[in-house]
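Protein chains: 2
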Amino acid sequence: MADVAALAGVSSQTVSRVSMDLDNVRPETRRKVLDAMAELGYSTNVAARALRYGSYGTLGVIAHRLARTGESRTVEGVVEAARAEGYTVTLVDVESPSRDDVTAAAARLSHQAIDGLVIIRAETATPDTLALPRRMPVVVSDSRFVGHHPAVGADQLDGARRATQHLLDLGHRTVHHVAGPIDSGPAQMRAEGWRATLEDAGREVPELLRGDWSAGAGYELGRRLAADPEVTAVFCANDETAAGVLRALHEAGRHVPGDVSVVGFDGIPLAEHLWPPLTTVVQDFSGIGRALVDLLLQQVRDGRILDDVHTLVPVELVVRASSGPAPGGSRPGG
Amino acid sequence: MADVAALAGVSSQTVSRVSMDLDNVRPETRRKVLDAMAELGYSTNVAARALRYGSYGTLGVIAHRLARTGESRTVEGVVEAARAEGYTVTLVDVESPSRDDVTAAAARLSHQAIDGLVIIRAETATPDTLALPRRMPVVVSDSRFVGHHPAVGADQLDGARRATQHLLDLGHRTVHHVAGPIDSGPAQMRAEGWRATLEDAGREVPELLRGDWSAGAGYELGRRLAADPEVTAVFCANDETAAGVLRALHEAGRHVPGDVSVVGFDGIPLAEHLWPPLTTVVQDFSGIGRALVDLLLQQVRDGRILDDVHTLVPVELVVRASSGPAPGGSRPGG
DNA sequence: CGCGCTCTTGTTTACGTAAACATCAGGGAC
DNA sequence: GTCCCTGATGTTTACGTAAACAAGAGCGCG
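Here it is, written out as structure tokens:
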């Protein structure tokens with residue numbers, strides 16, 4: 188900046204005024220300064236500006252597996268919402284879902300220049316094990332942090348209930364469930380919604396099959412389901428798992444939805460183009476991202492730390508060809 | 188820091204020494220300082236440290252649609268590689284692929300605290316329209332920037348050639364292609380590899396079908412392909428497109444691979460669990476991320492700006508059930 | 001017993017910016 | 001013509017950290 192000032196023959200304060208595009212600077216002076224800036228390839232030093240202002244215009248995000256559907260779409264939603272508010276996003280990926288890793292990630296972030304922190308998936312970490320800088324605004328989309336930090340999440344319970352009820356309404360005697368990993372909050376809630384719906388309807392609750400969100404696990408477990416002629420309806424914890432189940436059913440020669448109906452969760456773009464097109468519970472990821480950023484910026488701007496807010500974002504059941512009437516007396520073989 | 192120093196009864200410099208965990212500080216003094224830090228919830232101010240050091244420990248990333256396969260997996264690769272080098276990543280999403288948007292993104296990033304910039308997808312922007320701060324180290328994974336900034340990319344041409352050749356080797360007379368959007372460099376190169384392979388083999392080059400990376404476009408174009416009995420082999424610009432084509436073929440009652448073989452590109456995790464499992468060209472996204480970060484950090488650390496490096500990351504053809512022998516005389520109807 | 005070395009801690013300074021305050025010139029009102 | 005007000009620009013200072021330098025204490029060796 189001093190160089191620019193010298194070249195333009197003005198004081199550094201005038202350069203500052205021009206670069207902020209504020210105040211009153213004579214057009215001629217402004218011109219000289221802009222020319223000098225261009226000539227020297229000057230751009231303002233962010234560190235100094237942040238030091239002066241005490242804020243960075245940046246939000247931190249902790250996610251687990253970035254390339255996974257839910258994560259990447261939530262991150263995208265956060266990035267979009269942050270951009271709309273004039274903030275950029277700094278990303279920290281947690282390699283393995285271990286406590287130490289998340290703590291390390293938070294520590295790394297706390298050494299980064301951020302004004303607030305979005306925890307998209309904290310996995311095994313708990314509110315206590317996260318050693319965050321005091322007064323750091325935080326929001327989470329992980330249900331286990333409800334009551335400790337303000338939380339935003341899709342209405343997992345409602346989605347699972349609607350998916351399960353949809354299958355019951357189609358006449359299926361009961362519904363099997365391929366769940367997500369046991370240490371995932373959303374996976375727990377989806378399983379819970381499934382179980383509660385069956386119990387409310389007075390139906391038998393089949394043994395839960397434990398997956399891990401992956402299509403591979405869906406395929407392996409799907410082979411067991413395909414081998415059981417009693418199975419006519421499967422609710423999967425996410426769409427990838429459902430894809431694996433569909434493949435296993437195809438391989439076993441079981442027709443979908445003639446013999447078995449399948450429902451997924453998440454609403455990935457590919458769901459509509461699986462074979463057959465997948466009935467699924469669609470999450471509004473960009474809505475979640477927006478809600479997260481709103482809640483975080485409220486805290487950042489007011490300097491006030493909220494803790495007991497929990498925003499539920501509604502989900503929507505989209506019915507496609509993968510779910511149909513239970514195989515009845517009219518069509519025993521499909 | 189001054190508060191900590193006062194509370195601990197030492198100078199701020201001693202606090203600095205403790206927080207850097209360097210130099211020689213008497214254990215007793217260190218203890219006092221650490222206690223004071225804990226009591227006050229102190230953590231070092233990054234802006235000040237960055238101002239002092241002139242670096243931020245952060246890399247910037249410009250991407251287009253974050254949730255799209257290629258983007259999110261490349262970003263994940265970059266984030267992982269950056270973490271391994273002790274850097275975090277600041278993300279800027281470009282809303283629409285317009286020149287202004289990318290320029291605005293770069294401007295926004297240049298006002299952020301970054302040591303270098305990774306352009307994953309610059310879309311319509313050109314090297315000239317990107318008003319980057321002088322001496323900002325840059326790497327790109329966009330082929331149009333080759334010669335201006337060091338570039339890293341999968342060997343698209345080779346991948347497309349191998350996919351096409353694979354189908355010819357199976358006895359197909361020719362291969363149809365559902366391409367990516369016309370303004371995408373990788374889409375161009377995949378189409379080029381396809382065309383060159385057919386020409387080298389002296390085969391007829393069918394009209395190219397213009398998609399947009401989406402499964403929906405694949406589905407629409409796939410319906411046209413399904414209606415044409417001459418079509419026996421389709422090479423799709425990416426796996427999502429291939430999923431749409433598969434669906435269209437299923438709906439039309441054409442068997443895969445009995446009647447028509449389909450090959451994708453990217454190697455998304457779901458490819459293996461589509462029906463039938465998809466033959467595809469697998470890209471090493473984390474390898475690309477690593478190469479990008481390596482190349483960028485070379486420049487960041489040496490303060491030297493490279494411009495004519497172009498790293499090609501090899502791809503791998505993974506053959507699955509979706510591609511098979513051309514329908515011959517032995518099996519006219521599937 | 002004193003000199004000098006080492007180990008620990010304190011003081012000064014600079015990083016680049018922008019707010020607060022100071023200064024100066026010009027023009028309008030009386 | 002003088003005073004005051006306004007608008008443009010310069011000067012001083014502070015943000016929090018860490019390097020460079022300075023200073024003081026303790027100890028060994030001659």
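So the protein sequences, as listed, match chains A and B. Just so you know, our numbering puts 411 at position 224 of the first sequence, and the rest follows in order with no gaps. Just so you know, our numbering puts 331 at position 144 of the second sequence, and the rest follows in order with no gaps. Just so it is clear, CB atoms sit at the ideal spot from N, CA and C, and this is done for glycine as well.
Option in the options with minimal Cα separation from residue i
i: Tyr243 (chain B); options: B:His437, B:His460, B:Gly303 and B:Val205; result: B:Gly303
i: Met527 (chain A); options: A:Leu227, A:Phe422, A:Gln486 and A:Thr231; result: Because chain A is modelled from 188 through 521, residue 527 (chain A) falls outside the range shown and cannot be assessed.
i: Trp381 (chain A); options: A:Asp399, A:Leu354, A:Ile369 and A:Glu407; result: A:Leu354
i: Lys452 (chain B); options: B:Thr498, B:Val248 and B:Thr351; result: Going by the sequence as given, residue 452 (chain B) is Phe instead of Lys. Phe452 (chain B) has its Cα closest to that of B:Thr351, out of B:Thr498, B:Val248 and B:Thr351.
i: Ala193 (chain B); options: B:Glu226, B:Val432 and B:Arg213; result: B:Glu226
i: Tyr274 (chain A); options: B:Met376, B:Asp280 and B:Val265; result: B:Asp280
Limits of the beta strand (DSSP E) - the one that residue i falls within
i: Val197 (chain A); result: No beta strand (DSSP E) holds Val197 (chain A); DSSP gives it neither H nor E.
i: Ile249 (chain A); result: Thr245 to Ala250
i: His363 (chain A); result: His363 to Ala366
i: Ile306 (chain B); result: Gly303 to Ile306
i: Thr467 (chain A); result: Thr466 to Val469
i: His497 (chain A); result: His497 to Val500
Minimum Cβ-Cβ distance from residue i to chain A less than 9 Å
i: Ser510 (chain B); result: no
i: Gln299 (chain B); result: yes
i: Phe472 (chain B); result: yes
i: Gly244 (chain B); result: yes
i: His460 (chain B); result: yes
i: Leu408 (chain B); result: no
i: Ala478 (chain B); result: no
i: Asn232 (chain B); result: yes
i: Val262 (chain B); result: yes
i: Ser517 (chain B); result: Unreliable positioning characterises Ser517 (chain B) in this predicted model, as indicated by a pLDDT of 45, which lies under 50. The coordinate reading is nonetheless provided below. Cβ-Cβ to chain A under 9 Å: no for Ser517 (chain B).
i: Ala414 (chain B); result: no
i: Phe401 (chain B); result: Going by the sequence as given, residue 401 (chain B) is Ser instead of Phe. By this cut-off, Ser401 (chain B) is an interface position.
i: Val468 (chain B); result: no
i: Pro463 (chain B); result: yes
i: Ser371 (chain B); result: no
i: Ser328 (chain B); result: no
i: Leu238 (chain B); result: yes
i: Ala366 (chain B); result: no
i: Ala235 (chain B); result: yes
i: Arg491 (chain B); result: no
Element boundaries [alpha helix (DSSP H), containing residue i]
i: Gly451 (chain A); result: Careful: Gly451 (chain A) lies outside any alpha helix (DSSP H), inside the beta strand (DSSP E) at Ser448 to Asp453.
Alpha carbon of residue i to alpha carbon of residue j, nearest angstrom
i: Ala341 (chain B); j: Val468 (chain B); result: 10 Å
i: Glu178 (chain B); j: Pro514 (chain B); result: Since the first residue of chain B shown is 188 and the last is 521, residue 178 (chain B) is not available in this structure.
i: Ser401 (chain A); j: Thr428 (chain A); result: 5 Å
i: Trp462 (chain B); j: Thr419 (chain A); result: 20 Å
i: Gln200 (chain B); j: Leu238 (chain A); result: 19 Å
i: Phe241 (chain A); j: Ala195 (chain A); result: Rather than Phe, the amino acid found at residue 241 (chain A) in this sequence is Gly. C-alpha separation (whole angstroms): 29 Å.
i: Ser509 (chain A); j: Asp387 (chain A); result: 24 Å
i: Val233 (chain B); j: Thr466 (chain B); result: 48 Å
i: Pro519 (chain A); j: His442 (chain B); result: With a pLDDT of only 39 at Pro519 (chain A), under the threshold of 50, the placement of this residue in the model should not be trusted; the figure read from the coordinates follows. If you take the alpha carbons of Pro519 (chain A) and His442 (chain B), they lie about 25 Å apart.
i: Gly454 (chain A); j: Phe472 (chain A); result: 10 Å
i: Ser203 (chain A); j: Leu504 (chain A); result: 54 Å
i: Ala507 (chain B); j: Glu459 (chain B); result: Checking the displayed sequence, the identity of residue 507 (chain B) turns out to be Arg instead of Ala. Answer to the nearest angstrom: the Cα atoms are 8 Å apart.
i: Asp494 (chain B); j: Pro368 (chain B); result: 27 Å
i: Leu412 (chain A); j: Pro501 (chain A); result: 30 Å
i: His336 (chain B); j: Ala254 (chain A); result: 26 Å
i: Gly476 (chain A); j: Val248 (chain A); result: 11 Å
i: Asp329 (chain B); j: Gln343 (chain B); result: 11 Å
i: Arg260 (chain B); j: Arg260 (chain A); result: 12 Å
i: Gln375 (chain A); j: Asp345 (chain A); result: 13 Å
i: Ala250 (chain A); j: Ala430 (chain B); result: 28 Å
i: His364 (chain B); j: Ser448 (chain B); result: 12 Å
i: Asn211 (chain A); j: Val220 (chain A); result: 14 Å
Contact with chain B by residue i, beta-carbon distance below 9 Å
i: Ala254 (chain A); result: yes
i: His437 (chain A); result: yes
i: Val266 (chain A); result: yes
i: Gly521 (chain A); result: With a pLDDT of only 33 at Gly521 (chain A), under 50, the local geometry of the prediction cannot be trusted, and the value read off the model is given with reservation. Not one chain B Cβ lies under 9 Å of Gly521 (chain A).
i: Thr275 (chain A); result: yes
i: Arg441 (chain A); result: no
i: Val279 (chain A); result: yes
i: Gly228 (chain A); result: yes
Cβ separation of residue i and residue j, assumed to be a contact under 8 Å, to the nearest whole Å
i: Leu436 (chain B); j: Gly409 (chain B); result: 6 Å
i: Leu246 (chain B); j: Val305 (chain B); result: 6 Å
i: Val496 (chain A); j: Ala268 (chain A); result: Not really, about 16 Å apart at Cβ, beyond 8 Å.
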